Amino acid sequence: MRRVYALTDLAQERRIVALSRSDADDLFRTRLLQWHLDRLRGGAPEALDPPRAGFSWLGHEPWFAARALGPGPLRVEAMLRALDEAGAPDRAARLAAADQQVRSELAAANPGGAADLAGRLDELDPGPARCALAAWAAAQAGRAAEFEPRLAARLASAVDLADEALLRVARARLRLAAGDELGARVDLGAAAAAGSADAATLAARLLLERGEADRARVFLRGFVAEPGVPDSLRALWALAVVDGIPRLAADPAESPANLPVR
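Going by this note's numbering, the first residue of the sequence shown is number 1, and it counts up by one from there.
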């Protein structure tokens, strides 16, 4: 901890020098150092404002910046550089952090950056879950057609039924993004037959939107009683049941005033 305090003093001195020279790059590096020192002391510092465009990264600096910056193009750039650093001993931690950042970039309305990051993750650490996440990000970024060949290749080589179902749901999302509802429903039907609750949920939503409550109930019937199914699936089941209840038409000759009190 003594070393942390010594570095804190050094950072303060360097900040003064950077301000006096109007050196924006060095000022960002000082703030970055202070951010990580605060973290090491147990604090929860707020995300840093990004450096200026064209910032010149030093070795290993992107990984430090990727954890300190808020969502946006420069954080994505920093994380991509951090993932590409060869021989990083903390590769697993970098992959896990990037995985979380894909979701936060999507939530922050940066689908292009999320798609870039998810695609690189899928290249570096391929697997069905990584591919599904990359497909979802690609769909949000308007790159469905660009990503579908990669997904088709993964589906062709899938040997595990659960993995195939996961990839089929991912391809269904891509196809929906491209306006191919028929192709999406084919994939969802195959995935639901393999036991995918996500496929059943998405298929039921499509059916309910088309006013096909009876078919939605059939799709969901085999899943609703299973333990651990998502609440969204049970909610869709309830909607399908309610929509399927016949409604009695009111007698136009019978006014509310003439109805008996019950």
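All residues carry an ideal CB built from backbone N, CA and C; glycine is no exception.
As the structure is a prediction and not an experimental result, all values here were calculated from the model.
- In the DSSP assignment, the residues bridged to L48 are L69.
- Distance between L74 and P51, taken at the CA atoms: about 8 Å.
- Closest in alpha carbon position to R210, among A240, F28, A197, is A240.
- Using a C-beta cut-off of 8 Å, the stretch 192 to 207 makes no contact with the stretch 140 to 160, since fewer than three inter-stretch Cβ pairs fall below that distance.
- Classified as buried, G113 has 16 or more neighbouring CB atoms from the shown chains inside 10 Å of its CB.
- Per DSSP, G113 is one residue of the alpha helix (DSSP H) stretching across 111 to 124.
- Per the C-alpha coordinates, the member of R81, A97, G43, A47 positioned closest to L58 is R81.
- For Q100, the number of other beta carbons within 10 angstroms of its own is below 16, and it is reported as exposed.
- In this chain, the alpha helix (DSSP H) harbouring V102 covers 91 to 107.
- Exclusion of the five residues before and after L166 leaves P128, A132 as the residues of its chain whose Cβ lies within less than 6 Å of its Cβ.
- In the DSSP assignment, R217 falls within the alpha helix (DSSP H) that extends over 213 to 224.
- Setting aside the 5 residues that flank it on each side, E181 is surrounded in the same chain by R175, L206, each with a C-beta closer than 8 Å to its C-beta; the list follows chain order.
- Per DSSP, P227 is not a residue of any alpha helix (DSSP H), being assigned neither H nor E.
- Closest option to A144, judged by alpha-carbon separation, among E105, P62, R173: R173.
- Rounded to the nearest whole angstrom, the CA to CA distance from A199 to D26 is 50 Å.
- Put simply, of E212, S232, E226 the residue whose alpha carbon is nearest the alpha carbon of I245 is E212.
- The beta carbon of A88 is closer than 7 Å to those of R94 in its chain, skipping five residues each way along the sequence.
- At a Cβ-Cβ threshold of 7 Å, A139 and A177 count as neighbours.
- Across the set L161, A162, G183, the C-alpha of G183 shows the shortest separation from the C-alpha of R171.
- R150: member of the alpha helix (DSSP H) spanning 144 to 157, first to last residue.
- Counting the other Cβ atoms within 10 Å of the Cβ of R217 gives 16 or more, which makes it buried.
- Residue burial is scored here from C-beta neighbours: G119 has at least 16 other C-beta atoms within 10 angstroms and is therefore classed as buried.
- Around the beta carbon of D49, a 10 Å sphere encloses fewer than 16 other beta carbons of the protein chains shown; the residue is thus reported as exposed.
- Exposed is the label assigned to A92, since fewer than 16 other Cβ atoms lie within 10 Å of its Cβ.
- Your pair V102 and L83 does not check out as a contact, with CB atoms roughly 12 Å apart and the cut at 8 Å.
- When the five nearest sequence neighbours on each side are left out, the beta carbons in the same chain lying within less than 8 Å of the beta carbon of L124 are those of L83, L95, in order along the chain.
- In the displayed model, D25 falls within a helix according to three-state DSSP.
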